[in-house]
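I have placed the structure first, in the form of structure tokens, so that the comments after it can refer back to it.
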């Protein structure tokens, strides 16, 4: 059984990468592997925005990621600088930047790129989508 | 500590891949990983001097490539095939890079614990 880190580099909508990453994560957990962290980098941070609002008959990828993280106790970490540049802010960054709104909520959290590196160090395998 | 190889495969402008790859490279090195970088395909264009990203509203991250050696990233390689296809040589690059054949790149990738492609 492996410890796996998943890096997501594409948004929730417009590319299939993030969906495929989630599918991979679910399959890995089912087979007994451990997902130690999902790290959202580049446009991947757009996969985590709570303002993503697909039509009611469409798959809600951001919610599915959140459900997966909670159900399997997997940290879902955004690169904070990649996120801020793309307008993804948690309540803390919204306050710091004098913004009235924020769109990152639990279980997603902000972290530094260092969290990706330390995750890579701990992981047996790193998979990027 | 892991051996991490970072591949730059996109042109420096028009998309943020190279800038974010560079951020990741420097960060990894500052976290004491053994980092090497390889420029392939359009990624070799990151190595050309006299670029002015501010003219297209971008931060000049290109000059930050000079910091690779400051972060002890000494293994800086470029794909010879990609260079030649653009009529370039390592002499055209503004930082010290070593050209590798496809076979040499393959060997490098085999040796890495992790390969991240940006």
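Protein chains in written order, with our numbering: chain D, 291 to 419; chain V, 30 to 147. All C-beta atoms, glycine included, are put in the ideal place defined by N, C-alpha and C. What you are looking at is a predicted structure, and each value in this text was computed from that prediction instead of being measured.
Residues bridged to residue i [DSSP beta-bridge criterion]
i                      : result
residue 324 of chain D : D/293
residue 104 of chain V : V/65
residue 366 of chain D : D/328 and D/398
residue 134 of chain V : Its beta-bridge partners do not exist; DSSP assigns none.
residue 267 of chain D : This structure leaves residue 267 of chain D out entirely; chain D is present only between 291 and 419.
residue 415 of chain D : D/294
residue 380 of chain D : D/394
Endpoints, alpha helix (DSSP H) assigned at residue i
i                      : result
residue 56 of chain V  : 46 to 59
residue 401 of chain D : Here residue 401 of chain D belongs to no alpha helix (DSSP H); instead the beta strand (DSSP E) covers 398 to 401.
residue 240 of chain D : Because chain D spans 291 through 419 in this model, residue 240 of chain D falls outside it and cannot be assessed.
Residue i - containing beta strand (DSSP E), residue span
i                     : result
residue 37 of chain V : 32 to 37
residue 68 of chain V : 63 to 68
residue 98 of chain V : Unbroken run through residue 98 of chain V: none, as it is neither H nor E.
Closer than 7 Å at the beta carbon, the chain V residues around residue i
i                      : result
residue 407 of chain D : 56, 57, 60 and 62
residue 304 of chain D : Under the 7 Å cutoff, chain V gives no residues; its nearest Cβ is about 14 Å from residue 304 of chain D.
residue 404 of chain D : 56 and 60
Reduced DSSP category for residue i - H, G, I as helix; E, B as strand; rest coil
i                      : result
residue 127 of chain V : strand
residue 386 of chain D : helix
residue 143 of chain V : strand
residue 111 of chain V : helix
residue 40 of chain V  : coil
Residue from the options whose Cα sits closest to the Cα of residue i
i                      : options                       : result
residue 337 of chain D : D/383, D/306 and D/410        : D/306
residue 42 of chain V  : V/83, V/61 and V/65           : V/83
residue 334 of chain D : D/411, D/343 and D/351        : D/351
residue 374 of chain D : D/364, D/339 and D/344        : D/339
residue 326 of chain D : D/342, D/360, D/378 and D/371 : D/360
residue 398 of chain D : D/377, D/404, D/353 and D/385 : D/353
residue 291 of chain D : D/310, D/355 and D/414        : D/414
residue 126 of chain V : V/135, V/147 and V/68         : V/68
residue 75 of chain V  : V/103, V/111 and V/102        : V/111
Neighbouring residues, chain V, relative to residue i (Cβ below 8 Å)
i                      : result
residue 331 of chain D : 49 and 53
Cross-chain neighbours of residue i in chain D, by beta carbon under 9 Å
i                      : result
residue 146 of chain V : 418
residue 45 of chain V  : 332, 333, 372 and 375
Amino acids of chain D, ordered along the chain, whose beta-carbon sits closer than 7 Å to that of residue i
i                      : result
residue 102 of chain V : Per Cβ cutoff of 7 Å: no residues; residue 102 of chain V is ~14 Å from chain D at best.
residue 143 of chain V : 410 and 416
Interface residues of chain D facing residue i [CB-CB closer than 8 Å]
i                     : result
residue 31 of chain V : 410 and 411
Chain C within 8 Å of residue i, Cβ atoms only
i                      : result
residue 349 of chain D : In the structure shown, chain C does not exist; the protein chains are D and V.
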